[in-house]
Each structure stands twice: as C-alpha cells, then as structure tokens.
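Right, one structure below, let's go through it.
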Amino acid sequence: MYIEKMLEAVTPDIYEKFKTAVEIGKWPDGNPLSAEQKEICLQAIIAYDAKYLAEDQRIGYVPPKESPCDSSEEQEKPLKWADD
37 MYIEKMLEAV
47 TPDIYEKFKT
57 AVEIGKWPDG
67 NPLSAEQKEI
77 CLQAIIAYDA
87 KYLAEDQRIG
97 YVPPKESPCD
107 SSEEQEKPLK
117 WADD
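Each residue of the sequence shown is one higher than the one before, counting from 37 in the working numbering.
In structure tokens form, the structure reads like this:
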C-alpha cells in the first residue's frame with residue numbers, strides 16, 4: 037500500500053532528482069541526504085523502475101550471457117573449508 041501511494045506522487049522529474057540525490061548524496065539545494073532519506077529514495081527508484089521501465093532499462097540490470105561461465109561438467113565437487 038505504501039509503495040503504491042508513493043508511486044502516485046513520483047513523476048519522471050522527481051524520479052530523476054531522486055536518482056541524482058542518491059548518486060551524489062545530497063539534494064539539488066546542497067543539503068545532504070540522511071540515511072532514512074536515502075533508503076526512501078532507493079525504494080522509490082526501485083518501485084518506479086519496476087512499474088514503468090522495461091527490465092533491460094532498470095537500474096542494476098545485467099544482461100544474460102550468451103554462454104555460461106561454468107564448464108559443462110555436471111559432477112558434484114566437494115567443498116574444502118580453510119582452517120583459520
């Protein structure tokens with residue numbers, strides 16, 4: 037519910053201001069973001085992205101690789117723990 041109400045108030049301009057504020061750690065007027073403000077801005081950015089942007093346009097998107105990084109071996113390998 038909270039996220040839906042927040043999204044109603046977030047315009048594309050506000051979204052861009054939130055992104056910039058999180059990136060540089062302060063508001064357009066120069067005041068620093070508090071930890072709580074940063075958290076709220078990040079929540080708004082993520083929710084806005086999820087609602088209005090295609091997956092490949094969202095912040096943090098990493099495209100899938102054409103081939104896997106791992107070899108084609110499907111055998112289990114035991115873990116070895118290092119002694120401290």
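Glycine is no exception: its CB is placed at the ideal position from the N, C-alpha and C atoms. Model, not experiment: these values are computed from the prediction.
>> On a Cα-Cα basis, can you pick out the residue from Y97, I76, I60, E72 that is closest to M42?
In response: The shortest C-alpha to C-alpha distance from M42 to any of Y97, I76, I60, E72 is the one to I76.
>> Excluding the 5 residues flanking V46 on each side, which residues of the same chain have their C-beta closer than 7 Å to its C-beta?
In response: Scanning its chain for C-beta atoms nearer than 7 Å, with the 5 sequence neighbours on each side dropped, one finds around V46 the residues A80, Y84, in chain order.
> Contact check, P64 vs K53 under 8 Å by CB: the rounded distance?
Replying inline: That belief holds up - the Cβ atoms of P64 and K53 are roughly 6 Å apart, short of 8 Å.
>> If you follow the alpha helix (DSSP H) that Y88 is in, where does it begin and where does it stop?
In response: Run containing Y88: 71-88, per the alpha helix (DSSP H) assignment.
> Is the beta carbon of A57 sitting closer than 7 Å to the one on L69?
Replying inline: Yes; because the gap between Cβ atoms is below 7 Å, this pair is in contact.
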